[in-house]
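> Sequential numbering of the sequence shown, starting at 147, is according to this note's numbering.
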Amino acid sequence: MAAIETALATRAEPDRERPQVGGRAHVVLPAFNEETSLPSLLERLSKTALTEALTVWVVDDGSSDRSAALAESGFGNLEVRVVRHAVNLGLGRAVQSGLRAALEEAGADDIIVVMDADDTHDPGLIRLLREEITAGADVAICSRFVPGGDDRTAPPMRRLLSRGAAQLFRRALDVDGVHDFTSGYRAYRATLLARASAHWGDRLIEEQGFACMVELLLKLRHCRPVIREIPLTLRYDRKQGPSKLKLRRTLAQYLKLLVRDRLSPAPYRKL
Numbered sequence: 147m148a149a150i151e152t153a154l155a156t157r158a159e160p161d162r163e164r165p166q167v168g169g170r171a172h173v174v175l176p177a178f179n180e181e182t183s184l185p186s187l188l189e190r191l192s193k194t195a196l197t198e199a200l201t202v203w204v205v206d207d208g209s210s211d212r213s214a215a216l217a218e219s220g221f222g223n224l225e226v227r228v229v230r231h232a233v234n235l236g237l238g239r240a241v242q243s244g245l246r247a248a249l250e251e252a253g254a255d256d257i258i259v260v261m262d263a264d265d266t267h268d269p270g271l272i273r274l275l276r277e278e279i280t281a282g283a284d285v286a287i288c289s290r291f292v293p294g295g296d297d298r299t300a301p302p303m304r305r306l307l308s309r310g311a312a313q314l315f316r317r318a319l320d321v322d323g324v325h326d327f328t329s330g331y332r333a334y335r336a337t338l339l340a341r342a343s344a345h346w347g348d349r350l351i352e353e354q355g356f357a358c359m360v361e362l363l364l365k366l367r368h369c370r371p372v373i374r375e376i377p378l379t380l381r382y383d384r385k386q387g388p389s390k391l392k393l394r395r396t397l398a399q400y401l402k403l404l405v406r407d408r409l410s411p412a413p414y415r416k417l
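1. Just the C-alpha distance for Gln399 and Arg332, rounded to the nearest angstrom, thanks.
2. Using the beta-carbon count (16 or more within 10 Å), is Leu401 buried or exposed?
3. Less than 8 Å between the C-beta atoms of Ala263 and Ser183, yes or no?
4. Would Asp284 and Ala336 be called neighbours here (beta carbons separated by less than 8 Å)?
5. Any idea if Glu250 is buried or exposed, counting beta-carbon neighbours within 10 angstroms, 16 or more meaning buried?
6. Of all the options His231, Leu339, Thr280, which has the alpha carbon lying nearest to the alpha carbon of Leu417?
7. Roughly how many angstroms separate the alpha carbons of Gln242 and Asp348, rounded to a whole number?
8. Among residues of its own chain, excluding the 5 on either side of Gly208, which ones have a beta-carbon nearer than 6 Å to its beta-carbon?
9. Quick check: Glu198 and Ile272, are their CB atoms within less than 8 Å of each other?
10. Output yes or no for whether 8 Å exceeds the beta carbon distance between Gly169 and Trp203.
11. Ignore the nearest five residues each way along the sequence and tell me which others in Phe291's own chain have a CB closer than 6 Å to its CB.
12. Skipping 5 residues on each side, what residues in its chain have a beta carbon closer than 7 Å to that of Phe315?
13. Tell me which residues share the same chain as Asp407 and place their Cβ nearer than 8 Å to its Cβ, disregarding the 5 neighbours each side in the sequence.
14. State the Cα-Cα distance for the pair Ala149 and Trp346, rounded to the nearest angstrom.
15. According to DSSP, simplified to helix, strand and coil, what is Ala283?
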């Protein structure tokens with residue numbers, strides 16, 4: 147793994163011109179008891195795969211239902227790999243496992259996309275995410291909080307938490323180009339993640355819950371990435387199962403992450 151990360155990182159030093167991206171999109175789907183939502187999402191991804199080169203990595207985070215079996219059951223020509231956790235380890239560890247698995251196979255001109263597995267995200271946006279990275283971005287975020295974005299189908303308390311967190315992080319953190327810090331739908335240059343993973347290793351994501359998406363942005367900012375956002379219409383009305391977000395716990399995780407970021411030193415070397 148370390149050799150792969152080093153090889154990828156060497157081909158994308160921060161001071162060099164960013165290469166064009168025309169490779170494969172590795173789509174990471176952290177999944178915990180998503181058997182009711184995964185089939186429809188994978189069907190949508192199979193249609194996207196007709197025009198986009200995709201590999202889907204379903205990270206089964208200790209599900210007690212048939213999530214893993216359904217992911218392996220076949221969806222047209224869609225290439226689906228399953229990464230299994232024997233027990234539920236939380237969203238952060240699931241994302242970490244998915245990123246590491248994707249990096250094992252990603253080429254230097256590939257992108258890695260993280261999506262929610264509950265079918266609230268539109269796979270059709272993968273093409274637009276790729277276009278942003280091809281145009282020079284290192285991270286492209288599907289944002290509810292830019293013109294054209296919409297989260298009206300989400301429950302009121304969830305909307306309040308997301309919007310409040312966005313305002314808090316925009317004021318407290320020095321990350322240019324980000325309005326939606328907590329969005330779970332993003333694309334990254336594989337070479338950017340390889341550089342960050344080569345430095346932090348298993349500490350690239352330490353948060354277990356929803357705060358892991360913010361944590362990853364905070365660590366990537368030390369690589370001086372160009373970040374762009376595209377509008378996201380959140381389709382919470384397609385969600386089949388109950389929400390796994392716990393409002394009080396997630397708010398506490400966000401606040402703890404802010405404190406930890408203020409106390410943590412910057413990397414000792416240029417990434």
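Here a beta-carbon is modelled for each residue, glycine too, at the ideal position from N, C-alpha and C.
Taking the coordinates as given:
1. By one-based count along the sequence shown, residue 399 stands at place 253. By one-based count along the sequence shown, residue 332 stands at place 186. Rounded to the nearest angstrom, the two C-alpha atoms are 20 Å apart.
2. Counted from its first residue, the sequence shown places residue 401 at position 255. It is exposed - the Cβ of Leu401 has fewer than 16 other Cβ atoms within 10 Å.
3. As a working note, residue 263 is residue 117 in the sequence shown. As a working note, residue 183 is residue 37 in the sequence shown. Contact: yes.
4. Working through the sequence shown from its first residue, we reach residue 284 at position 138. Working through the sequence shown from its first residue, we reach residue 336 at position 190. No. Outside cutoff.
5. Locating residue 250 in the sequence shown gives position 104, where the first residue counts as 1. When all chains shown are included, Glu250 counts as exposed.
6. The residue labelled residue 417 in the question sits at position 271 within the sequence shown. Looking at the Cα atoms, Leu339 is the closest of the given residues.
7. Start at 1 with the first residue of the sequence shown, and residue 242 comes out as number 96. Start at 1 with the first residue of the sequence shown, and residue 348 comes out as number 202. C-alpha separation (whole angstroms): 8 Å.
8. Within the sequence shown, numbered from 1, the residue matching residue 208 stands at position 62. Closer than 6 Å at Cβ, skipping near neighbours: His231, Val233, Asn234.
9. For the purposes of this step, residue 198 is identified with residue 52 of the sequence shown, where counting begins at 1. For the purposes of this step, residue 272 is identified with residue 126 of the sequence shown, where counting begins at 1. Yes. Within cutoff.
10. In the sequence shown, residue 169 corresponds to position 23, counting from 1. In the sequence shown, residue 203 corresponds to position 57, counting from 1. Contact: no.
11. Position 145 of the sequence shown, counting from 1, holds the residue named residue 291. Hits under 6 Å: Ala312, His325, Asp326.
12. In the sequence shown, the residue the question calls residue 315 occupies position 169. Closer than 7 Å at Cβ, skipping near neighbours: Phe327, Val360.
13. As a first step, residue 407 must be located in the sequence shown, where it is residue number 261. Counting only Cβ-Cβ distances below 8 Å, and skipping sequence neighbours, we find Leu319, Leu364.
14. Taking the first residue of the sequence shown as 1, we reach residue 149 at position 3. Taking the first residue of the sequence shown as 1, we reach residue 346 at position 200. Note that Ala149 scores a pLDDT of 45, beneath 50, so its modelled location is shaky and nothing firm can be said.
15. Numbered from 1 along the sequence shown, position 137 holds the residue referred to as residue 283. The answer is coil: DSSP assigns Ala283 none of H, G, I, E or B.
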